[in-house]
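Visitor: For what it's worth, this note's numbering labels the leading residue of the sequence shown as 17, then goes sequentially. A virtual CB, placed ideally from N, CA and C, is assigned to each residue, including glycine. The structure presented is a predicted model; accordingly, all values stated were derived computationally and were not measured. My structure is below; once you've seen it, I'll send some questions.
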Amino acid sequence: MAGSVKTQRVLLVVAWHLLAILAATGAGAMDRQDDIVVTARKRDEKADDVPIAVTKVTGATLDRRGLHQIEDLKQLAPSLNISYFNPRGNYVSIRGIGRNPASDGLEPAVGIFVDGVYLGRPGMAVYDLSDIDAVEILRGPQGTVFGKNTTAGAIVITSRAPTFVPEGSVETSIGTNGLVRFRGSVSTGLVDDVLAARLSVYHTGQGGWIDRIDGGGRLNGTDRTGARLQFLIEPDARLRLRLIAEYHDERDSCCTLVAGSLGPPSATYSARVAAAGGNAVLGGPGYRTTANAPTFLRVRQGGLTANLVYDLGAAEITSVTGYRAWRYRAGFDGDLSSAEAYTNASVPTDDWQFSQEVRIANPGGGRIDATAGLYYFRQSLQSALRLAFGAKAANFLGNTAVPPPSLVAFNGVTSSTEADLNSQSVAVFAQGTWHFHPRLALTIGARGTYERKSGVIDRPANAAQSSYHQALAVEEVDPSGTLALTYARSRDLHLYASYARGAKAGGINPIVATATDDQIVRPEHADSFELGLKSSALGGHVHFDLALFYTRIGAYQATLNRLFGAILANVGRVSTRGVEMEARWRASSRFEMAMTAAYDDAHYDSYPTAPCPPETLGSASCDLSGGPLADAPRWILNGSARYTRQIAASGTVSVGFDYGYRSHYYGNIDNSRYSRLGNVGIANAQLGFTDDRSGTSLQLWIKNLADIRYLESYPLGGATIYGAYFGTIGQPRSIGLTASRHF
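Quick look at the structure:
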C-alpha cells in the first residue's frame, strides 16, 4: 500500500504541473463571469450575498466528473463526509456531526431534499443522480426558511425541469468489472407555452469485486434501474405547476463487510469462529470475505411530488406536496465468517411518508426580504430485526466446543424483533432580511416545531428467547432560529457573522432494550456560531470563500453496536470547531481549477459512560470526554482541474483531474485503535473529445488512479462484537469509456 501511495503522489504532482503549464498557454482576456446563484433561502440570490456556508454544483459538473451516486458528493464540498454501507445504513455528516446509520427511530442530522421534498430516510437518496440540474450543500443548522429542521446541514437536489423547446440526451458507459450504464432524457412541449413533459431513465449494472474465498463467486455487484416523468403546466404568467413521478429499483449482491481488524489479543471473535467450525480471515484492505451465507439487496421506491408557485404580485405562494414509499430487503452473513453461527441477518423495512409545505414570500429586492411558511410531515415505518441462527450458534456464542443448554437452544432458531413506528411533525417558520444600509443587512429567522412519535416493539417467544412487548410514545416542542449580519464591503467582498440554533427530534429505540439501554432517545440541540468571508477578483474569475465555525451539541444522537442489532443513544455533549475554504480559479477560457479544504476538530465534551474499546479489559464503561468523534476526519481536502482546447473547426479536447483526501479517523464510537482508519487520498482522471457540431462526446475515465486499497468505514465492531471490526471497502481502480450525445 505504501508503494501505491507514493505512486499516487507522483501522479498528483505531474498532473498538477502539466495542467498549470497548459493553463499558461491558454491565458487571455475574458469577460466578467456571471455570479453564482443559489436558492439556499428559497429565493434566487447571489451566493456571495447569503450568510450561509453553501456549495453549489451544477448537473453538468456531475456529468463531466462522472459523479453518479449520493456518496460521490463528498468530493465536492468541504467538511462533507458520506459513509455508505447499504441504503439503510448510510449516513451523511457535516463538520463531523451526523453519525447515526440505520437509525429507524431518528431523522438524520443532515437533511436530504429532492425537488423540495424532505427524505425521511437517507436511503431514499441512494439511486443514480441522473438528469440533475443542481446540488446545493448547506452547512450548519437549517429550518427557518423551508422543510424539516436539521442540526448539521442539508443537501438540496434539484432535477432538470421540463422545457417547451425540445431537447434530450443519451449516454452509455462501459467499464471495469462488467460495468454497463445507460442514462437518457427527453423533454418537449405538448401544448405551446402551456404544457411540457420530461422523461428521464437510467440503468446501472456492474459485477462484483469482492471474492468469496469459499468459491462462492463475487460480491458487491449492482443492478439499478429508475425513471422520472414530469409535467410542467403554465396556464398563465402567474401560475406554474410541476408534477413529478419517479420509481427506482435496485437488486444487488451487496453490501459486503470485510474483517478489517480481528482486534487485540484479548479479542475472542477468532476463537468463537473456530469453535463454530469456521475460520476468520482479514478481508481488508484486500478484496475478499469469508462470509458463506447468501448476500443480497433489493430496494424499491417511488415518489410523487407537486410543486406549485402562484404569483400574487405583492407576494409569491409556493406549495410543495410529496409522497414517497420505500421498501428495503437484504440479507447477509451475520457472523461474517465461514462458521455456521448465523445463516442470515436482515432488517426488512417499509417506509411511507407524506409532507406538505406552504410558503409565502415577497418579491425581494427592497428594504426587506421576507419568507414565512407552514410544514407538515408524517411517516410510518415498519421494520424487523431477523436473525437466523445456524447449527453451530451455541458454540459461537459460548466460545466453547461444549456449550451449555441455554445456548444450545439458539441452534436453528430464527429471532424476529418487529417495530411499528409512526411520527408526525408540524412546524411554523419565518425569516426576514432587513437591508438597513446599502452595505449592511440583518437576517432574523425563527421556527417552532411540534413532534410526536409512537411505536410498538414486539418479539415473539422462541426456543431461546422470551417474548417482549413495549408500546411507547414521545412528544416535544422545539424552538430554533437564526441571526446573521452581512456586510458588503464591495461587490467583490462580503463578510458575515451568524448564529443558528437547530433541533432534531428524539425518538424510539426499535430494539429489545437491556437494563443499560434507553428505549427513548432525547432530542438533539445544536448551537452554531460562524464567521465568513466571500470574495471574488479578476472580474469574477477567482472566487475565494472562508468560514470559521464553532458548534456545540447537547444530547448528541449516535448509533452503538450490539451483538443483536445496533441501538440509538444520546452520547452526551459534543462540539466541533474549525475552518473551511473554497477556491475557484478560471485562469482562461481553456483552464479552470477548484479546491476545497476543511480543518475540523470534532470531539466529545462530555461522555463519561462510553463503550470501552476491546483493548480495555475489566471496565463496564469508559470516559471518552475530550476524545475525537467517530467518523470525523480532521482534514478533508478536494481539488479538481480541467483543461479544454479546440483542435479542429468543430472539435474540443478536454483533460480533467481531481483528487480527494481524508485524514485518519476512528471508525467506531469506542475510539479503539483497532478501528482507526488511515489517511486516504484518491485521484481520478478524465480525457474527452467533443464534436461540437453533432453534440457527441467520448470520454475515457479512470477512478482510483493509483489503485489505492482502503477501508471507508466500520459499521460493525467493538467489544460487543467480540473485539473485531468489520468495514466497507473502497472500490479498486476502474477504467471506462462514456459516449454521450445532446440534442
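1. Residues in the same chain with beta-carbon distance under 6 angstroms from threonine 744, minus the five sequence neighbours each way, listed in chain order, please.
2. Short check: CB of tyrosine 675 to CB of glycine 704, under 8 angstroms?
3. In chain order, what residues of the same chain lie with their CB nearer than 6 angstroms to the CB of proline 649, ignoring the 5 residues before and after it?
4. Under DSSP, the alpha helix (DSSP H) around serine 604 begins and ends at which residues?
5. Looking only at C-alpha atoms, which of Gly752, Pro124, Leu753, Gly136 sits nearest to leucine 397?
6. What's the C-alpha gap between alanine 404 and alanine 361?
7. According to DSSP, is aspartate 79 helix, strand or coil?
8. Assign histidine 541 to one of two classes, buried (16 or more other C-beta atoms within 10 Å of its C-beta) or exposed (fewer than that).
9. Determine the contact status of glycine 642 and tyrosine 659, defining contact as a CB-CB distance below 8 angstroms.
10. Which class does isoleucine 68 belong to by DSSP, given the choice of helix, strand or coil?
11. Could you pull the DSSP bridge partners for cysteine 270 from this structure?
12. Suppose contacts are defined by Cβ-Cβ distances below 8 angstroms. Is serine 439 in contact with lysine 469 by that definition?
13. Where in the segment 226-303 do unbroken runs of the alpha helix (DSSP H), each at least 4 residues long, occur, reported from the N-terminal end onward?
14. Pull up the distance between the alpha-carbon of lysine 719 and that of serine 750, whole angstroms please.
15. Return helix, strand or coil for threonine 74, following the three-state DSSP convention.
16. Tell me, please, which residues DSSP counts as bridged to isoleucine 98.
17. Between the beta-carbon of isoleucine 260 and the beta-carbon of threonine 174, is there less than 8 angstroms?
18. For glycine 159 versus glutamate 546, is the C-beta spacing smaller than 8 angstroms?
19. Just to confirm, is the Cβ distance from leucine 437 to aspartate 120 under 8 angstroms?
20. List the residues that DSSP assigns as beta-bridge partners of isoleucine 473.
21. Which stretch, first to last residue, makes up the alpha helix (DSSP H) that contains valine 424?
22. From valine 418 to glutamate 266, what distance separates their C-alpha atoms?
23. Classify isoleucine 663 as buried or exposed, calling it buried when 16 or more other Cβ atoms lie within 10 Å of its own Cβ.
24. Is it right to say proline 94 is buried, meaning 16 or more other beta carbons lie within 10 angstroms of its own, or is it exposed?
25. When the Cα atoms are used, what is the spatial distance from valine 374 to threonine 592?
26. Quick check on threonine 592: does DSSP put it in helix, strand or coil?
27. Leaving out five residues on either side along the sequence, give the residues of the same chain with a beta carbon under 6 angstroms from the beta carbon of alanine 487.
28. Could you check if leucine 273 is buried or exposed, using at least 16 other CB atoms within 10 Å of its CB as the buried criterion?
29. When you compare only the Cα positions, how much space is there between threonine 77 and aspartate 149?
30. Would you mind working out which of Trp651, Ser109, Gly112, Glu152 sits nearest lysine 72, comparing C-alpha positions?
31. Quick one: Cα of glutamate 356 to Cα of isoleucine 583, how far?
32. The alpha helix (DSSP H) with glycine 414 in it runs from where to where?
33. Can you name, in chain order, every residue of its own chain whose Cβ lies under 6 angstroms from the Cβ of threonine 502, other than the five neighbours on each side?
34. Against chain C, with Cβ distances strictly below 8 angstroms, would arginine 589 count as a contact?
35. Near glycine 752, which residues of its chain fall below 7 angstroms by C-beta distance, leaving aside the five closest residues on each side in sequence?
36. How long is the line joining the alpha carbons of glycine 683 and aspartate 351, rounded to whole angstroms?
Guide: Put simply:
1. Translated into positions along the sequence shown, residue 744 becomes position 728. Closer than 6 angstroms at the Cβ level, and outside the excluded window around threonine 744, lie Phe101, Glu728, Ser729.
2. Taking the first residue of the sequence shown as 1, we reach residue 675 at position 659. Taking the first residue of the sequence shown as 1, we reach residue 704 at position 688. No.
3. Locating residue 649 in the sequence shown gives position 633, counting from the first residue. The residues are Arg678, Ser679, Tyr681.
4. Taking the first residue of the sequence shown as 1, we reach residue 604 at position 588. Run containing serine 604: none; DSSP gives neither H nor E here.
5. The residue given as residue 397 occupies position 381 in the sequence shown. Closest option to leucine 397, Cα to Cα, is Gly136.
6. Taking the first residue of the sequence shown as 1, we reach residue 404 at position 388. Taking the first residue of the sequence shown as 1, we reach residue 361 at position 345. Whole-angstrom Cα-Cα distance: 6 angstroms.
7. The residue labelled residue 79 in the question sits at position 63 within the sequence shown. In the structure shown, aspartate 79 sits in a helix (DSSP, three-state: H, G or I).
8. By one-based count along the sequence shown, residue 541 stands at place 525. Burial call: buried.
9. Stepping through the sequence shown from its first residue, residue 642 is reached at position 626. Stepping through the sequence shown from its first residue, residue 659 is reached at position 643. No. Outside cutoff.
10. Numbered from 1 along the sequence shown, position 52 holds the residue referred to as residue 68. It is coil, neither helix nor strand.
11. Start at 1 with the first residue of the sequence shown, and residue 270 comes out as number 254. Per DSSP, none; premise fails for cysteine 270.
12. Taking the first residue of the sequence shown as position 1, residue 439 is located at position 423. Taking the first residue of the sequence shown as position 1, residue 469 is located at position 453. Yes, the pair counts as a contact, with Cβ atoms nearer than the cut-off.
13. 285-291
14. Sequence index remark: in the sequence shown, residue 719 carries index 703 (1-based). Sequence index remark: in the sequence shown, residue 750 carries index 734 (1-based). Taking the straight line from one Cα to the other gives about 5 angstroms.
15. Residue 74 sits at position 58 when you count from the first residue of the sequence shown. It is a strand residue.
16. Translated into positions along the sequence shown, residue 98 becomes position 82. Per DSSP, Val108.
17. Mapped onto the sequence shown, residue 260 falls at position 244. Mapped onto the sequence shown, residue 174 falls at position 158. Not in contact: isoleucine 260 and threonine 174 (Cβ atoms no closer than 8 angstroms).
18. Within the sequence shown, numbered from 1, the residue matching residue 159 stands at position 143. Within the sequence shown, numbered from 1, the residue matching residue 546 stands at position 530. Not closer than 8 angstroms, so no.
19. Against the sequence shown, residue 437 aligns to sequence position 421. Against the sequence shown, residue 120 aligns to sequence position 104. In this structure, aspartate 120 lies closer than 8 angstroms to leucine 437 by Cβ.
20. The count along the sequence shown starts at 1 and reaches residue 473 at position 457. According to DSSP, which records beta bridges pairwise, isoleucine 473 is partnered with Ala435, Gln486.
21. Here residue 424 refers to the residue found at position 408 when the sequence shown is read from its first residue. 421-424 is the span of the alpha helix (DSSP H), which, as asked, contains valine 424.
22. Along the sequence shown, read from residue 1 onward, the residue named residue 418 stands at position 402. Along the sequence shown, read from residue 1 onward, the residue named residue 266 stands at position 250. Using only the alpha carbons, I get a separation of about 43 angstroms.
23. Sequence index remark: in the sequence shown, residue 663 carries index 647 (1-based). Flag for isoleucine 663 reads exposed.
24. On the sequence shown, position 78 is the one that residue 94 refers to. Under this definition proline 94 is a buried residue.
25. For this step, residue 374 is matched to residue 358 along the sequence shown. For this step, residue 592 is matched to residue 576 along the sequence shown. Those two C-alpha atoms are separated by around 34 angstroms.
26. Your numbering for residue 592 matches position 576 in the sequence shown. Threonine 592 falls in the strand class under three-state DSSP.
27. In the sequence shown, the residue the question calls residue 487 occupies position 471. So the list reads Val472, once near-sequence residues are dropped.
28. Your numbering for residue 273 matches position 257 in the sequence shown. Answer is buried; the Cβ neighbour count reaches 16.
29. Locating residue 77 in the sequence shown gives position 61, counting from the first residue. Locating residue 149 in the sequence shown gives position 133, counting from the first residue. Those two C-alpha atoms are separated by around 10 angstroms.
30. On the sequence shown, position 56 is the one that residue 72 refers to. Among Trp651, Ser109, Gly112, Glu152, the Cα nearest to that of lysine 72 belongs to Glu152.
31. Counting from one through the sequence shown, the residue named residue 356 turns up at place 340. Counting from one through the sequence shown, the residue named residue 583 turns up at place 567. Computed Cα separation, rounded: 25 angstroms.
32. Mapped onto the sequence shown, residue 414 falls at position 398. Where glycine 414 is concerned, the enclosing alpha helix (DSSP H) stretches over 409-414.
33. Translated into positions along the sequence shown, residue 502 becomes position 486. Excluding sequence neighbours, threonine 502 sits near Pro67, Ala457, Tyr512.
34. Chain labels in this structure do not include chain C; a single protein chain is all it has.
35. Indexing the sequence shown from 1 puts residue 752 at position 736. Ser189, Ile190, Gly191, Thr192, Leu195, Trp717.
36. Here the question's residue 683 lines up with position 667 in the sequence shown. Here the question's residue 351 lines up with position 335 in the sequence shown. Cα to Cα, glycine 683 sits roughly 19 angstroms from aspartate 351.
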